[in-house]
Amino acid sequence: MAGPSNEAELARLVRAHDRWRGSSVLNLLASENAISPTARRYLSSDLAGRYTLPHPPRDGEPGSDNDYGGTRYTDAIEALANAAAARLFHGRFATTRPLSGHIAAMAALVPLLPRGGRLLAIPPEAGGYDGYAPGYLPAIFGWDARPLPTEGPERTLVAEVAIEEIRREKPDVVLLGQSRFLFPYPVTAIAEAAHARGALVLYDASHVLGLIAGGEFQDPLREGADIVYGSTHKSLPGPQGGLLVTDREDLFAQIDPALVWRVLDNAHWNRIAGLARTLLELERVGPAYARTVVANAQGLGRALEDRGLPMVGSALGFTRSHQIHVDPDALLARHGLRPSALARRWEKQRLITDLIGRIGTAEIARLGLLPSDMPRLADLLVRAGLRSEKVGSEVLAWRRSFRSLAFL
Ligand SMILES: Cc1ncc(COP(=O)(O)O)c(C=O)c1O
25 MAGPSNEAEL
35 ARLVRAHDRW
45 RGSSVLNLLA
55 SENAISPTAR
65 RYLSSDLAGR
75 YTLPHPPRDG
85 EPGSDNDYGG
95 TRYTDAIEAL
105 ANAAAARLFH
115 GRFATTRPLS
125 GHIAAMAALV
135 PLLPRGGRLL
145 AIPPEAGGYD
155 GYAPGYLPAI
165 FGWDARPLPT
175 EGPERTLVAE
185 VAIEEIRREK
195 PDVVLLGQSR
205 FLFPYPVTAI
215 AEAAHARGAL
225 VLYDASHVLG
235 LIAGGEFQDP
245 LREGADIVYG
255 STHKSLPGPQ
265 GGLLVTDRED
275 LFAQIDPALV
285 WRVLDNAHWN
295 RIAGLARTLL
305 ELERVGPAYA
315 RTVVANAQGL
325 GRALEDRGLP
335 MVGSALGFTR
345 SHQIHVDPDA
355 LLARHGLRPS
365 ALARRWEKQR
375 LITDLIGRIG
385 TAEIARLGLL
395 PSDMPRLADL
405 LVRAGLRSEK
415 VGSEVLAWRR
425 SFRSLAFL
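Take any residue in the sequence shown, note its place counting from 1, add 24, and you have its number in our numbering.
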């Protein structure tokens, strides 16, 4: 039944969520992060309800940047966001309008890859993003999606393998990027092979965008990718959304005008203001933030492995990103557990991960955890996950000791 009781129930649920996820758990989800207080304030500013839209020439009127009145500040806010994105990711052209990483992928692919065009992308079983699998975006837009294989349990992309696939499949677009993303790609070699055959190289940095912003991981555009895009809320600690950057004017001239009415309409200006703030913060603190995130991931991988939780990639130092991965086969063989069972045990003890064995260190770096804290965190994860110990009150006390965010 609708009415005040539902409104009270809603208020209770939001309060309870805020208390639970906002201050009572350690969040180790690789897809999430903590937004700075200022960016959060912008999210609930008056911008949250406003519109602005360009319009093409029509009805004898010339085109304009904006069809709506009252927008004297929104264009300037967007310009700040786009300029910061362009500087951080080393391209001359940027848009922060995509509403998410998925929408940013559409923003790039819809104008550049015609129906019947061939897309070479890492498949979900190799850690690729599900959206690029044949049943999803390719099914909607009529693209011919082919798998780009990776190697080993780390799901690394090897230059020779990728180049061979490019030769064999003759794609129009080579799409780099993974949801399970541990190591940088040999972008230069892949881009050379792709460009020699007239293919574009798109880099989906959804997971690693914050690391790239901080000068860690890799620099896709300078290494030869044509476009970099991704989510703004995973390793990049911004509001949920997306952005896209390129150094190629010819591509941007196809992408930017095609956004409105093909991929999206209103671009959510409170989000863009919050994102602008996050990008400007990263220009100041990005390198220290990204270094800490990666050092935490490497340290946590080592500490977990040393305590008997099998992790992927120990011979390679576990990771160069914000993610580390539980080794599911070794976990089952040694402990009779699947990653999902581990995650359920952890959640009961206030340690939040996903059910596929990814552990992320971006949000804990924002909280203030340092590499020297990783042995303590590993102890808690191993005690809760492998020994079913009740560590929830220890986690809560530790979480509550972090009163403000780091890297602001
Ligand atoms: C590699 C990759 N690309 C795109 C997306 C979609 O991002 P969003 O949730 O921002 O739409 C994800 C989401 O997890 C992802 O992992």
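Where a beta carbon is used, it is the ideal one built from N, C-alpha and C, also for glycine.
Taking only runs of the alpha helix (DSSP H) that begin and end inside the region 221-287, which ones reach a length of at least 4 residues, in chain order?
List check, alpha helix (DSSP H) in window: 233-237, 244-247 and 273-283.
Given this structure, state the Cα-to-Cα distance separating Leu123 from Arg358, to the nearest angstrom.
Looking up residue 123 in the sequence shown gives position 99. Looking up residue 358 in the sequence shown gives position 334. Cα to Cα, Leu123 sits roughly 43 Å from Arg358.
Can you pull every residue whose C-beta falls closer than 5 Å to some heavy atom of ligand 3, listed in chain order?
No copy of ligand 3 appears in this structure; the ligands present are ligand 1.
Compute the distance between the beta-carbons of Leu420 and Arg368, then report whether it is under 8 Å.
Start at 1 with the first residue of the sequence shown, and residue 420 comes out as number 396. Start at 1 with the first residue of the sequence shown, and residue 368 comes out as number 344. Contact flag unset, no.
Pairs of beta-carbons, one from the region 334-347 and one from the region 202-221, closer than 8 Å: are there three or more?
Touching, yes.
Contact between the region 124-140 and the region 150-167: three or more CB pairs below 8 Å?
Contact holds between the region 124-140 and the region 150-167, because three or more Cβ pairs, one in each stretch, are under 8 Å apart.
Beta-carbon contacts of Val287 that lie in its chain and below 7 Å, excluding the five residues immediately before and after
In the sequence shown, counting from the first residue as 1, residue 287 sits at position 263. Answer for Val287: Ile127, Met130, Ala131 and Val134, listed in chain order.
Mind checking Glu329: buried by the 16 CB within 10 Å criterion, or exposed?
As a first step, residue 329 must be located in the sequence shown, where it is residue number 305. By the neighbour-count rule (16 or more Cβ atoms within 10 Å), Glu329 is buried.
With a threshold of 7 Å on Cβ separation, who are the neighbours of Gln322 within its own chain once the five nearest residues in sequence on each side are excluded?
Looking up residue 322 in the sequence shown gives position 298. Once the five neighbours on either side are set aside, the close Cβ partners of Gln322 are Gly341, Phe342 and Thr343.
Bounding residues of the alpha helix (DSSP H) (the contiguous stretch that carries Arg368)
Indexing the sequence shown from 1 puts residue 368 at position 344. Its alpha helix (DSSP H) spans residues Pro363 to Lys372.
Would you kindly report the start and end of the unbroken beta strand (DSSP E) that includes Ile348?
By one-based count along the sequence shown, residue 348 stands at place 324. Following the DSSP letters along the chain, one finds Ile348 inside the beta strand (DSSP E) bounded by residues Gln347 to His349.
Which first and last residues belong to the beta strand (DSSP E) in which Arg382 is found?
For the purposes of this step, residue 382 is identified with residue 358 of the sequence shown, where counting begins at 1. For Arg382, the enclosing beta strand (DSSP E) begins and ends at Arg382 to Gly384.
So, helix, strand or coil for His359, using DSSP?
Against the sequence shown, residue 359 aligns to sequence position 335. When DSSP states are grouped into helix, strand and coil, His359 belongs to the helix group.
Where Asp70 falls, given that 16 or more other Cβ within 10 Å makes a residue buried
Residue 70 sits at position 46 when you count from the first residue of the sequence shown. Burial state of Asp70 is exposed, judged by a 10 Å Cβ sphere holding fewer than 16 other Cβ atoms.
Buried/exposed call for Lys258, threshold 16 Cβ in 10 Å
Translated into positions along the sequence shown, residue 258 becomes position 234. Around the beta carbon of Lys258, a 10 Å sphere encloses 16 or more other beta carbons of the protein chains shown; the residue is thus reported as buried.
Under 8 Å, do Leu235 and Tyr253 count as touching if we go by C-beta distance?
Along the sequence shown, read from residue 1 onward, the residue named residue 235 stands at position 211. Along the sequence shown, read from residue 1 onward, the residue named residue 253 stands at position 229. No, the Cβ-Cβ distance between Leu235 and Tyr253 is not below 8 Å.
Please name the residue in Leu224, Glu247, His231 and Gly87 whose C-alpha comes closest to that of Gly262.
Position 238 of the sequence shown, counted from the start, is the residue given in the question as residue 262. Checked all of Leu224, Glu247, His231 and Gly87; the closest Cα to Gly262 is His231.
Contact belief for Leu200 with Val211 at Cβ below 8 Å, rounded distance in angstroms:
Taking the sequence shown and counting its residues from 1, one reaches residue 200 at position 176. Taking the sequence shown and counting its residues from 1, one reaches residue 211 at position 187. Right, the Cβ-Cβ distance comes to about 7 Å (below 8 Å), so this counts as a contact.
Which partner residues of Ser60 appear in the DSSP bridge assignment?
For the purposes of this step, residue 60 is taken as residue 36 along the sequence shown, with counting starting at 1. Per DSSP, none; premise fails for Ser60.
Find the nearest neighbour of Gly409 within the set Gly222, Thr377 and Arg39, judged by alpha-carbon distance.
Mapped onto the sequence shown, residue 409 falls at position 385. If we check each option's Cα against that of Gly409, Thr377 comes out closest.
Only counting the same chain, and skipping five residues up and downstream in sequence, which positions put a Cβ closer than 7 Å to that of Ala63?
Counted from its first residue, the sequence shown places residue 63 at position 39. These residues qualify, in order along the chain: Gly262, Pro263, Gly298, Arg301 and Thr302.
Starting from Leu324, follow the alpha helix (DSSP H) in both directions and report where the run begins and ends.
As a working note, residue 324 is residue 300 in the sequence shown. Element bounds for Leu324: Trp293 to Asp330.
Let me know if Trp44 comes out buried or exposed under the rule of 16 or more other beta-carbons within 10 Å of its beta-carbon.
The residue given as residue 44 occupies position 20 in the sequence shown. The residue in question, Trp44, is exposed, as its Cβ has fewer than 16 Cβ neighbours within 10 Å.
Span of the alpha helix (DSSP H) holding Thr174?
Working through the sequence shown from its first residue, we reach residue 174 at position 150. Here Thr174 belongs to no alpha helix (DSSP H), and DSSP marks it neither H nor E.
At least 3 beta-carbon pairs within less than 8 Å: the region 210-224 vs the region 177-196:
The way I'd put it, the region 210-224 does touch the region 177-196; three or more beta-carbon pairs between them come closer than 8 Å.
Taking only the alpha-carbon atoms, compute the straight-line gap between Ala108 and Asn30 and give it to the nearest angstrom.
For this step, residue 108 is matched to residue 84 along the sequence shown. For this step, residue 30 is matched to residue 6 along the sequence shown. Ala108 and Asn30: Cα-Cα distance of roughly 42 Å.
What is the rounded straight-line gap between the Cα of Leu401 and the Cα of Ile279?
Taking the first residue of the sequence shown as 1, we reach residue 401 at position 377. Taking the first residue of the sequence shown as 1, we reach residue 279 at position 255. Rounded to whole angstroms, Leu401 and Ile279 show a C-alpha spacing of 44 Å.
Quick check on Arg407: does DSSP put it in helix, strand or coil?
For the purposes of this step, residue 407 is taken as residue 383 along the sequence shown, with counting starting at 1. DSSP, read as helix, strand or coil, puts Arg407 in helix.
If you draw a straight line from the alpha carbon of Asp403 to that of Leu77, how long is it in whole angstroms?
Taking the sequence shown and counting its residues from 1, one reaches residue 403 at position 379. Taking the sequence shown and counting its residues from 1, one reaches residue 77 at position 53. Between Asp403 and Leu77, the alpha-carbon positions lie close to 52 Å from each other.
Does the Cβ-Cβ distance between Trp293 and Thr98 come in under 8 Å?
The count along the sequence shown starts at 1 and reaches residue 293 at position 269. The count along the sequence shown starts at 1 and reaches residue 98 at position 74. Here Trp293 is near Thr98, since their CB atoms are less than 8 Å apart.
To the nearest angstrom, how far is the alpha carbon of Asn16 from that of Ala237?
Summary: the structure shown does not reach residue 16, with the chain confined to residues 25 through 432, and so no result is reported for it.
Any idea what DSSP makes of Ala118, helix, strand or coil?
For the purposes of this step, residue 118 is identified with residue 94 of the sequence shown, where counting begins at 1. Under the three-state reduction of DSSP output, Ala118 falls in the strand class.
Local conformation of Leu143 per DSSP, three classes:
The residue labelled residue 143 in the question sits at position 119 within the sequence shown. Per DSSP, reduced to three states, the secondary structure at Leu143 is strand.
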